[in-house]
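Read in my numbering, the sequence shown has 188 at position 19, and its numbers run on one by one without any break.
Beta carbons: idealized from backbone N, C-alpha and C, even for Gly.
None of the values given here were measured: they were computed from a predicted structure.
Here's the structure we're looking at; comments come further down.
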Amino acid sequence: MISINEDIANKLASKIIEILDKSNDDIDKVCWMVVHEHVHGFMPVEYDIREIDEKLYLLLLKKVRSRLGH
Numbered sequence: 170m171i172s173i174n175e176d177i178a179n180k181l182a183s184k185i186i187e188i189l190d191k192s193n194d195d196i197d198k199v200c201w202m203v204v205h206e207h208v209h210g211f212m213p214v215e216y217d218i219r220e221i222d223e224k225l226y227l228l229l230l231k232k233v234r235s236r237l238g239h
């Protein structure tokens, strides 16, 4: 599991919001994709089952939902 740096978490949250502005995908999916890219170095394929950092995923969901007023 990676250590969660607040600056990195804020940058990833901004990236998620940027992707959401350009797509119809849901917050959960985009969050998972961005965390996957951060952990593994590339965006996931459709049926990718590699593990991600769940703590980071949940933190980003909370940050993004807060920023979007959800």
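For residue i, which residues from the same chain have a beta carbon less than 8 Å from its beta carbon, with the 5 sequence-adjacent residues on both sides left out?
{"i": "PRO213", "result": "TRP201, MET202, HIS205, GLU206 and ARG219"}
{"i": "ASN179", "result": "LYS232"}
What does a CB cutoff of less than 7 Å around residue i pick up in its chain, not counting 5 residues either side in sequence?
{"i": "MET170", "result": "Note that MET170 scores a pLDDT of 46, beneath 50, so its modelled location is shaky and nothing firm can be said."}
By the three-class DSSP mapping on this structure, what secondary structure does residue i have?
{"i": "MET202", "result": "helix"}
{"i": "SER235", "result": "helix"}
{"i": "ASN193", "result": "coil"}
Is residue i a contact residue of the ligand GTP, with contact defined as CB to any heavy atom under 7 Å?
{"i": "ILE196", "result": "Looking for the ligand GTP in the displayed structure turns up nothing, as the structure carries no ligands at all."}
Would you kindly check if the distance between the Cβ of residue j and the Cβ of residue i is under 8 Å?
{"i": "VAL199", "j": "ILE185", "result": "yes"}
For residue i and residue j, which I take to be in contact (beta-carbon distance under 8 Å), what is that distance rounded to the nearest angstrom?
{"i": "ARG234", "j": "ILE196", "result": "7 Å"}
Could you tell me the distance, in whole angstroms, from the CA atom of residue i to the CA atom of residue j?
{"i": "LEU228", "j": "VAL208", "result": "15 Å"}
{"i": "ASN174", "j": "LEU181", "result": "11 Å"}
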